[in-house]
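J.: Those protein sequence lines, which keep their order, are chains A and B.
Numbered according to full-length UniProt numbering, the first sequence spans residues 1 to 342.
Numbered according to full-length UniProt numbering, the second sequence spans residues 1 to 342.
Protein chains: 2
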Amino acid sequence: MGKRPTQEQVARLAETSTAVVSYVVNNGPRPVAENTRKRVLEAIAATGYRPNSAARTLVSGRSSVIGLVVPDLANPFLALLAQSIEHELFSRAYSMLIGDSADEQRREASVVETLLTHEISGLIWYTVAQPPPQDVLDKLTIPTVILNDIEREDLSAADEAGRVVSVLADEREAARLATEHLVDHGRQRIAHVGGPSQRLNSAARARGWLDAVAASDLRPGGQIAAPFTRQGGFESAAQLVELECDAVVAANEMQGIGLLAGLRRAGVRVPEDLGVIALNGTTAADYSLPTLTTVEMLTADLAAEIADTLDSDSQALTIVPDVRMIARESCGCANIGFGTGR
Amino acid sequence: MGKRPTQEQVARLAETSTAVVSYVVNNGPRPVAENTRKRVLEAIAATGYRPNSAARTLVSGRSSVIGLVVPDLANPFLALLAQSIEHELFSRAYSMLIGDSADEQRREASVVETLLTHEISGLIWYTVAQPPPQDVLDKLTIPTVILNDIEREDLSAADEAGRVVSVLADEREAARLATEHLVDHGRQRIAHVGGPSQRLNSAARARGWLDAVAASDLRPGGQIAAPFTRQGGFESAAQLVELECDAVVAANEMQGIGLLAGLRRAGVRVPEDLGVIALNGTTAADYSLPTLTTVEMLTADLAAEIADTLDSDSQALTIVPDVRMIARESCGCANIGFGTGR
DNA sequence: ATGAAAGCGCTAACAT
DNA sequence: ATGTTAGCGCTTTCAT
Numbered sequence: 001m002g003k004r005p006t007q008e009q010v011a012r013l014a015e016t017s018t019a020v021v022s023y024v025v026n027n028g029p030r031p032v033a034e035n036t037r038k039r040v041l042e043a044i045a046a047t048g049y050r051p052n053s054a055a056r057t058l059v060s061g062r063s064s065v066i067g068l069v070v071p072d073l074a075n076p077f078l079a080l081l082a083q084s085i086e087h088e089l090f091s092r093a094y095s096m097l098i099g100d101s102a103d104e105q106r107r108e109a110s111v112v113e114t115l116l117t118h119e120i121s122g123l124i125w126y127t128v129a130q131p132p133p134q135d136v137l138d139k140l141t142i143p144t145v146i147l148n149d150i151e152r153e154d155l156s157a158a159d160e161a162g163r164v165v166s167v168l169a170d171e172r173e174a175a176r177l178a179t180e181h182l183v184d185h186g187r188q189r190i191a192h193v194g195g196p197s198q199r200l201n202s203a204a205r206a207r208g209w210l211d212a213v214a215a216s217d218l219r220p221g222g223q224i225a226a227p228f229t230r231q232g233g234f235e236s237a238a239q240l241v242e243l244e245c246d247a248v249v250a251a252n253e254m255q256g257i258g259l260l261a262g263l264r265r266a267g268v269r270v271p272e273d274l275g276v277i278a279l280n281g282t283t284a285a286d287y288s289l290p291t292l293t294t295v296e297m298l299t300a301d302l303a304a305e306i307a308d309t310l311d312s313d314s315q316a317l318t319i320v321p322d323v324r325m326i327a328r329e330s331c332g333c334a335n336i337g338f339g340t341g342r
Numbered sequence: 001m002g003k004r005p006t007q008e009q010v011a012r013l014a015e016t017s018t019a020v021v022s023y024v025v026n027n028g029p030r031p032v033a034e035n036t037r038k039r040v041l042e043a044i045a046a047t048g049y050r051p052n053s054a055a056r057t058l059v060s061g062r063s064s065v066i067g068l069v070v071p072d073l074a075n076p077f078l079a080l081l082a083q084s085i086e087h088e089l090f091s092r093a094y095s096m097l098i099g100d101s102a103d104e105q106r107r108e109a110s111v112v113e114t115l116l117t118h119e120i121s122g123l124i125w126y127t128v129a130q131p132p133p134q135d136v137l138d139k140l141t142i143p144t145v146i147l148n149d150i151e152r153e154d155l156s157a158a159d160e161a162g163r164v165v166s167v168l169a170d171e172r173e174a175a176r177l178a179t180e181h182l183v184d185h186g187r188q189r190i191a192h193v194g195g196p197s198q199r200l201n202s203a204a205r206a207r208g209w210l211d212a213v214a215a216s217d218l219r220p221g222g223q224i225a226a227p228f229t230r231q232g233g234f235e236s237a238a239q240l241v242e243l244e245c246d247a248v249v250a251a252n253e254m255q256g257i258g259l260l261a262g263l264r265r266a267g268v269r270v271p272e273d274l275g276v277i278a279l280n281g282t283t284a285a286d287y288s289l290p291t292l293t294t295v296e297m298l299t300a301d302l303a304a305e306i307a308d309t310l311d312s313d314s315q316a317l318t319i320v321p322d323v324r325m326i327a328r329e330s331c332g333c334a335n336i337g338f339g340t341g342r
């Protein structure tokens, strides 16, 4: 485990000072003569020097590392989101520390605090609960993007402390879109499979669903609380049958996929007997049977907006990512996009 | 953005020195009187002090951060692996920096170098190619686990430099298991859908497949090169039909899922006409139609072994993770595990 | 344009 | 048991 070369060794080899090496490496803040710069670059190449980011962070107080906290990295949508964010951050010369809260609030608090320990210069936090724990929020002194539909007042303390805390508020619109589409298909009783009832997490989705139902003078088809898993969706199928609905909006794609399997087993035909749309879809929806109509978030765009917010200290209080519906078979839009992988 | 409290402030409040605060925080290396310890802990609570990890890293040379590089975080298997590793590392008080190489060697090199910049104390690298680029290997001065079936000689340079470089070598066995199972089902012509042909990446899987085919005096049913995506699997279906096989081993679950959709479309019945098994499966395989028989890696165990290797400087040269076959419908083992979510 | 030097917050060797 | 202090590698102010 040989020690890595330091700035000092580079300076010695280039016959100059560490200050100048620093100027060259960082392209400033002071000018360097072309000649000297060249010697320094050669010395860097010769020694294999790479700046030590711990030292850099210590002196500058900024780390070029962003933290991301998600409740379940094995959820394909969250994995996709994480990937999009990683790509965006990488292109801006940031690295990404990732924490998985396992959908548990206790663990989440601990994960966030650990990340803060690393002097991250920004935090992207897909919270488990809504609102997020106040005591953790109070510890945030860095630009933070909360990925959940938060009431502004929950953040007042954070705002006052001068932190940039932004918020994603789209799930409501996504749910509204999905429900509306089912209405357009002529569905009469539209149910909603949401998250576990003890969690407020999915309140926004439920609201969007109710918005659309109300707007079309229908009665809500009933709401089912289920874990955000394929198994959760699978098990909801039976309840759904009892509710005698003809359509359902699932809170996420995993539930949607589970639902399809459960309905198949229950002998319910999709989309003939029951239309299904899931939120937060990925390309995996192209390969189920039937293919699953979803509402997708444009994660690449969202990632870019998040990054903008974090490194420009933008004053945006809310980010509203674009959302679009991908009509496939499960809602009744037959023969669209089947297995094409888009 | 108020400055965070430092050790010095804690010391002042507790009326002691920074050294003692350090001893308390790190539980050593020197003893502290019970009384003093209590005052320090109170001061920490009062100030909200959290150690600055940049300073810690700088002085100690170790960072409590491990780097993970994967080719595609949106691949459910890799997402699961990343999650398992994150959980294991978290339980050992490590944090995880993650880089997505996007399955491109150029990007991969850059991602690895960026991680090295952060003084990570270990690297877990699911390489794009086999063997991994030598120039990058040569830069590794930290314990590293390469997740790919590497020839020992490719690492000789790394070993000589005293680095702990360990290797995962299981894919061959996984492929052998899968193929053998298809043989047991009486399949005669067993094909293999591997990775893109210009990549050696999947050589181990191909070897395991050939091992099993040879052991049963069958002729190989043909090999198809396809991207490691659902779309790749989907498009292989047509070629598979031409090969007139009665079984196939797909290199990963995404290909397997795509294959099922493609075969369905081509009017091929699974498992009646064609048996399908995919490697590196996840629980998602429980919800396809038919449910997809897979060989799974026990990612939790693997993660634990990896972590052991990284923080104990273990001398193990190879990690052989446990692998097990989950028989579902697609191979011909009907009515097993259908939608049960296990 | 270049260099000397003062820290950034922390750990641990070395006093006491 | 506790305190003092010398760096860890880097950035940047302040000379020159």
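For glycine and all other residues, C-beta sits at the position ideal for the given N, C-alpha and C.
(1) Short of 6 angstroms in beta carbon distance, which residues of its chain neighbour A14 (chain B), apart from the five on each side in sequence? Order them along the chain.
(2) How would you list, in chain order, the residues of chain A whose beta-carbon sits under 7 angstroms from the beta-carbon of T293 (chain B)?
(3) Can you list, in chain order, the residues of its chain whose CB lies under 6 angstroms from that of F338 (chain A), leaving out five sequence neighbours each side?
(4) Does the beta carbon of E86 (chain A) come closer than 8 angstroms to any beta carbon on chain B?
(5) In the DSSP output, which residue or residues are listed as bridge partners for W209 (chain A)?
(6) Checking contacts by CB at 8 angstroms: is H118 (chain B) closer than that to chain A?
(7) Using a cut-off of 9 angstroms between C-beta atoms, extract the partners of P51 (chain B) located in chain A.
(8) Beta-carbon within less than 7 angstroms of Q239 (chain B)'s beta-carbon, same chain only, minus the 5 sequence neighbours each way: which residues are those?
(9) Relative to the C-alpha of residue 356 (chain B), which residue among B:T16, B:A278, B:R30 is closest?
(10) Enumerate in chain order the residues of its own chain whose CB-to-CB distance from I120 (chain A) is below 8 angstroms, with the five nearest sequence positions on each side excluded.
(11) So is A74 (chain B) in contact with chain A if we call contact Cβ pairs under 8 angstroms?
(12) At what residue ranges does the region 228-256 of chain B contain a whole run of the alpha helix (DSSP H), taking only runs of 4 or more?
(13) Do Q188 (chain B) and L218 (chain B) have their beta-carbon atoms positioned less than 8 angstroms apart in this structure?
(14) Could you tell me whether the Cβ of T57 (chain B) comes closer than 8 angstroms to any Cβ of chain A?
(15) Find out if the Cβ-Cβ distance for the pair R107 (chain A), S101 (chain A) is shorter than 8 angstroms.
(16) DSSP puts L168 (chain A) in a beta bridge; with which residues?
(17) Residues in the region 254-273 of chain A with C-beta within 9 angstroms of chain B's C-beta atoms, listed in sequence order?
(18) Check the Cβ of residue 382 (chain B) against every Cβ in chain A and list those closer than 9 angstroms, keeping chain order.
(19) Of all the alpha helix (DSSP H) runs that stay within the bounds of the UniProt domain "HTH lacI-type" (5-60) of chain B, which reach a length of 4 or more residues?
(20) Taking a contact to mean a Cβ-Cβ separation below 8 angstroms, would you say S53 (chain A) touches H118 (chain B) in this structure?
(21) Closest by CA to K139 (chain B), which one among B:L147, B:V165, B:N148?
(22) Distance check for R30 (chain B) and G233 (chain B), CA to CA, integer angstroms please.
(23) Is the shortest distance between the beta-carbon of A54 (chain B) and the beta-carbons of chain A less than 8 angstroms?
(24) Output the boundary residues of the alpha helix (DSSP H) element that contains L137 (chain B).
(25) Should S60 (chain B) be labelled buried (16 or more other beta-carbon atoms within 10 Å of its own) or exposed?
(26) For chain A, check one thing: does any of its Cβ atoms lie closer than 8 angstroms to the Cβ of residue 358 (chain B)?
(27) Between Q130 (chain B) and A203 (chain B), how many whole angstroms is the CB-CB distance? I'm expecting something under 8 angstroms.
(28) Which full runs of the alpha helix (DSSP H) of 4+ residues lie inside the region 103-153 of chain B, going along the chain?
(29) So for H192 (chain B), helix, strand or coil by DSSP?
(30) Counting only the same chain and skipping the five closest in sequence on each side, list residues whose C-beta sits under 8 angstroms from that of residue 361 (chain A).
(31) Please state the DSSP three-state secondary structure of M96 (chain A).
(32) Excluding the 5 residues flanking F77 (chain B) on each side, which residues of the same chain have their C-beta closer than 7 angstroms to its C-beta?
(33) Note down the Cα distance separating G208 (chain B) from A178 (chain B), rounded to an integer number of angstroms.
(34) Keeping to the same chain, check which residues put their C-beta closer than 6 angstroms to that of M1 (chain B); ignore five residues upstream and five downstream.
(35) Is there at least one Cβ from chain B nearer than 8 angstroms to R106 (chain A)'s Cβ?
(36) Just to make sure I have the definition right: I need the residues of chain A whose C-beta is within less than 8 angstroms of the C-beta of V111 (chain B). Which are they?
T.: So, to answer that:
(1) Numbered from 1 along the second sequence, position 14 holds the residue referred to as residue 14 (chain B). Cβ neighbours of A14 (chain B) beyond the five flanking positions: R39, V40, A43.
(2) Translated into positions along the second sequence, residue 293 (chain B) becomes position 293. The premise fails here: T293 (chain B) is roughly 16 angstroms from chain A at the closest Cβ pair, so nothing lies under 7 angstroms.
(3) By one-based count along the first sequence, residue 338 (chain A) stands at place 338. For F338 (chain A), the predicted model reports a pLDDT of 46, less than 50, meaning its position is unreliable; a value from the coordinates is still stated below. So the qualifying residues of the chain are T291.
(4) On the first sequence, position 86 is the one that residue 86 (chain A) refers to. Output row for E86 (chain A): interface = yes.
(5) Here residue 209 (chain A) refers to the residue found at position 209 of the first sequence. In the DSSP output, where bridge partners are listed per residue, W209 (chain A) has none listed.
(6) For the purposes of this step, residue 118 (chain B) is identified with residue 118 of the second sequence, where counting begins at 1. Taking Cβ atoms only, chain A reaches closer than 8 angstroms to H118 (chain B), which makes this a yes.
(7) Looking up residue 51 (chain B) in the second sequence gives position 51. Result: T117.
(8) Position 239 of the second sequence, counting from 1, holds the residue named residue 239 (chain B). Result list for Q239 (chain B): I224, in chain order.
(9) Lying before the first or after the last residue shown, residue 356 (chain B) is absent from chain B, which here runs from 1 to 342.
(10) If you number the first sequence from 1, residue 120 (chain A) lands on position 120. Contacts found: S63, V65, I66, G67, L97, I142.
(11) As a first step, residue 74 (chain B) must be located in the second sequence, where it is residue number 74. Chain A contact via Cβ: present.
(12) 230-243
(13) As a working mapping, residue 218 (chain B) is identified with position 218 in the second sequence. As a working mapping, residue 188 (chain B) is identified with position 188 in the second sequence. Yes, these two residues count as a Cβ contact at 8 angstroms.
(14) The residue given as residue 57 (chain B) occupies position 57 in the second sequence. At least one chain A Cβ lies under 8 angstroms of T57 (chain B).
(15) Your numbering for residue 107 (chain A) matches position 107 in the first sequence. Your numbering for residue 101 (chain A) matches position 101 in the first sequence. In this structure, S101 (chain A) lies closer than 8 angstroms to R107 (chain A) by Cβ.
(16) Within the first sequence, residue 168 (chain A) is the residue found at index 168, counting from 1. According to DSSP, which records beta bridges pairwise, L168 (chain A) is partnered with A:I319.
(17) M254, I257, G258, L260, A261, G262, R264, R265
(18) For residue 382 (chain B) there is no data in the structure shown, the boundaries of chain B being 1 and 342.
(19) 7-14, 18-26, 34-47, 53-60
(20) Here residue 53 (chain A) refers to the residue found at position 53 when the first sequence is read from its first residue. Here residue 118 (chain B) refers to the residue found at position 118 when the second sequence is read from its first residue. Contact: yes.
(21) For the purposes of this step, residue 139 (chain B) is taken as residue 139 along the second sequence, with counting starting at 1. Checking every option, the nearest Cα to that of K139 (chain B) belongs to B:V165.
(22) Taking the second sequence and counting its residues from 1, one reaches residue 233 (chain B) at position 233. Taking the second sequence and counting its residues from 1, one reaches residue 30 (chain B) at position 30. Taking the straight line from one Cα to the other gives about 60 angstroms.
(23) Position 54 of the second sequence, counted from the first residue, corresponds to residue 54 (chain B). Yes - at least one Cβ of chain A is within 8 angstroms of the one on A54 (chain B).
(24) Start at 1 with the first residue of the second sequence, and residue 137 (chain B) comes out as number 137. 134-137 is the span of the alpha helix (DSSP H), which, as asked, contains L137 (chain B).
(25) For the purposes of this step, residue 60 (chain B) is taken as the residue at position 60 of the second sequence. Exposed, because fewer than 16 other Cβ atoms sit within 10 Å of the Cβ of S60 (chain B).
(26) Residue coverage of chain B in this structure runs from 1 to 342, which leaves residue 358 (chain B) outside it and unanswerable.
(27) Taking the second sequence and counting its residues from 1, the one referred to as residue 130 (chain B) is at position 130. Taking the second sequence and counting its residues from 1, the one referred to as residue 203 (chain B) is at position 203. Indeed they touch by this definition, with Cβ atoms about 6 angstroms apart.
(28) 105-117, 134-137
(29) One-based indexing of the second sequence puts residue 192 (chain B) at position 192. Three-state DSSP puts H192 (chain B) in a strand.
(30) Given that chain A is displayed from residue 1 to residue 342, the structure contains no residue 361 (chain A) and the question cannot be resolved.
(31) Position 96 of the first sequence, counting from 1, holds the residue named residue 96 (chain A). In the structure shown, M96 (chain A) sits in a strand (DSSP, three-state: E or B).
(32) The residue you call residue 77 (chain B) lines up with position 77 of the second sequence. Within the same chain, F77 (chain B) has close Cβ partners N252, E253, N280, T282.
(33) The residue labelled residue 208 (chain B) in the question sits at position 208 within the second sequence. The residue labelled residue 178 (chain B) in the question sits at position 178 within the second sequence. Spanning the two alpha carbons is a distance of roughly 9 angstroms.
(34) As a first step, residue 1 (chain B) is located in the second sequence; it is residue number 1 there, counting from the start. In this prediction, M1 (chain B) has a pLDDT of 44, which is less than 50 and means its spatial position is unreliable; what the coordinates show is noted afterwards. Same-chain partners within the cutoff: there are none.
(35) Along the first sequence, read from residue 1 onward, the residue named residue 106 (chain A) stands at position 106. Not closer than 8 angstroms to any Cβ of chain B, the Cβ of R106 (chain A) fails to qualify, so no.
(36) Taking the second sequence and counting its residues from 1, the one referred to as residue 111 (chain B) is at position 111. Correct list: F90.
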